[in-house]
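Read the structure below first, then the notes.
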Amino acid sequence: MTVRVVVAPDGIGSTLAAAEAARAIARGWLSARPSDDVVVKPQSDGGPGFIECLDGVGQVRTAAVDGPLPSAAPVTARWRFDDGTAYLETAQACGLHLVADPSPRTALDASTAGVGQLIAAVLADGDVTRLVVGLGGSSTTDGGEGMLAVLGGPAAAAEMLRGVRIVVATDVDNPLVGPRGAAEVFAPQKGADRPTVDVLATRLTDVATRLDAFAGLPVSSQPGAGAAGGLGAALIALGGLRESGADLVAEATGLSVATRGAAVVITGEGRLDAQTAAGKVVARVAAAADPGSTVIALVGECALVTPGAVDDLGIDRVHSLVDHAGDRARALTQAEPLLVSLAARVAERYSAEEHETRE
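Numbering-wise (this note's numbering), the sequence shown opens with residue 212 and increments by one.
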């Protein structure tokens, strides 16, 4: 029996971008069930893949900007322009994927200066009335200071962006400082050891004082201020308003229309954990699925151990790439072929269950 399948994953960690993951899943599913109608709708929460997931929205433009490290060569950042709205992906300028060997040194040195250059290029390129900045997957913990310095400081940046509505598109609600702040929660993922986390936390405390004073309100404690190593706080201080990146991409890509009537909805991300429910792609896709759909998550690894946590997300099944591979190292180095074979196995299981139901 032919069914409609919607494939709408985020990226699988740093190994596969959302579009790559979606193509791999679709290929694997169709290898086992070639007659199914498979619709590919890669998603993003604002991090890596944000621009690619907005395929078909406006025009793609580029700008040469500095990468995250002083010694790195410039990078070409892609952005989109659509009827007054500019869509930027900060990971294009300061993403962790641009750091070959994350270490305490790179965690200290990584800068958002390239993001400031990208914003300046975007504003100079067209009549921008709305600036949507996707945050996530950064290598930085500088509180947006690199970006602000390039734009001439907070006052000059605010003047440059006068009349522009700034949307801070992110999936995280962490504040800038404190136990849930950018340094404590995210810096270890960027190469920081414990002493480096302490240095970065002190640095961000100073940044928080300056940003709060400039804005005249405690922007550093607002949800999303800690996104992209505190870049969220800098953008909020400039008048930015946080929105769910996953919701924004879902709307732009027509996810709710695509999932209507689908028998199977497949999503995924690098790590299914307690943060998934806080606006990440997997939770957003599961919420968009029809009640009668089978919702399947193909993830890098699953760290949900609380009983009922998967059910609470609206997911029927979770399959881990690490479990499928047999070990984490193989899952990282052979992510694409393994995701293809995992999707094929899941499709075969679906066929077997469908056959049992008919009997």
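Positions of the beta carbon are idealized from the N, C-alpha and C atoms, including for glycine.
- If you draw a straight line from the Cα of Arg289 to the Cα of Val379, it is about 18 Å long.
- Counting of Cβ neighbours within 10 angstroms places Asp404 among the exposed residues, the total staying below 16.
- Rounded to the nearest whole angstrom, the CA to CA distance from Pro399 to Ala438 is 14 Å.
- Within 10 angstroms of the beta-carbon of Asp247 lie 16 or more other beta-carbons, which makes it buried.
- With a cutoff of 8 Å on beta-carbon distance, Asp382 and Ala457 are scored as near each other.
- For Gly269, the CB contacts under 8 Å within the same chain, skipping 5 residues up- and downstream, are Arg291, Phe292, Asp293, Asp294, Thr296 and Tyr298 in chain order.
- Straight-line measurement puts the Cα of Gly355 at about 17 Å from the Cα of Leu309.
- In this chain, the beta strand (DSSP E) harbouring Gln270 covers Gln270 to Val276.
- Listed in chain order, the non-local C-beta contacts of Ala233 below 8 Å within the same chain comprise Val218, Ala219, Pro220, Val251, Lys252 and Pro253, local neighbours out to five positions each way being set aside.
- Judged by DSSP secondary structure, Val418 falls within the alpha helix (DSSP H) whose first and last residues are Arg405 to Ala426.
- Comparing alpha-carbon positions, the option among Asp534, Leu452 and Val476 lying closest to Val375 turns out to be Leu452.
- Excluding its 5 nearest sequence neighbours in each direction, Trp240 has C-beta neighbours in its own chain below 8 Å: Val216, Val218, Asp247, Val249, Ile477, Ala554, Ala555, Val557 and Ala558, listed in chain order.
- Between the stretch 328-348 and the stretch 414-422 there are fewer than three C-beta pairs closer than 8 Å, too few to call the two in contact.
- Taking a C-beta distance under 8 Å as the contact criterion, Pro279 and Gly222 do not qualify as a contact pair.
- Here Gly364 is exposed, its C-beta having fewer than 16 other C-beta atoms within 10 Å.
- For His535, the enclosing alpha helix (DSSP H) has its first and last residue at Leu532 to Ala536.
- Secondary structure of Ser255 (DSSP, three-state): coil.
- Bounds of the alpha helix (DSSP H) holding Ser467 are Leu466 to Thr470.
- About 16 Å separates the beta carbon of Ser531 from that of Glu547, a gap too long to meet the 8 Å contact definition.
- Take the alpha-carbon of Asp534 and the one of Thr407: they are about 33 Å apart.
- DSSP lists Leu483 as the bridge partner or partners of Cys513.
- Per DSSP, Ala283 lies in no alpha helix (DSSP H) and is assigned neither H nor E.
- For the set Gly519, Ile526 and Leu411, the Cα lying nearest the Cα of Ser504 is the one of Ile526.
- Using a Cβ distance threshold of 8 Å, Leu515 and Asp484 count as a contacting pair.
- In the DSSP assignment, the residues bridged to Val250 are Val217.
- Here Val468 is exposed. Its C-beta has fewer than 16 other C-beta atoms within 10 Å.
- In its chain, beyond the 5 residues on either side, Arg495 have a beta carbon closer than 6 Å to the beta carbon of Ala461.
- Closest option to Ala235, judged by alpha-carbon separation, among Arg560, Tyr561, Pro434 and Leu549: Leu549.
- Separation of Thr287 and Gln545 (C-alpha to C-alpha, rounded to the nearest whole angstrom) is 27 Å.
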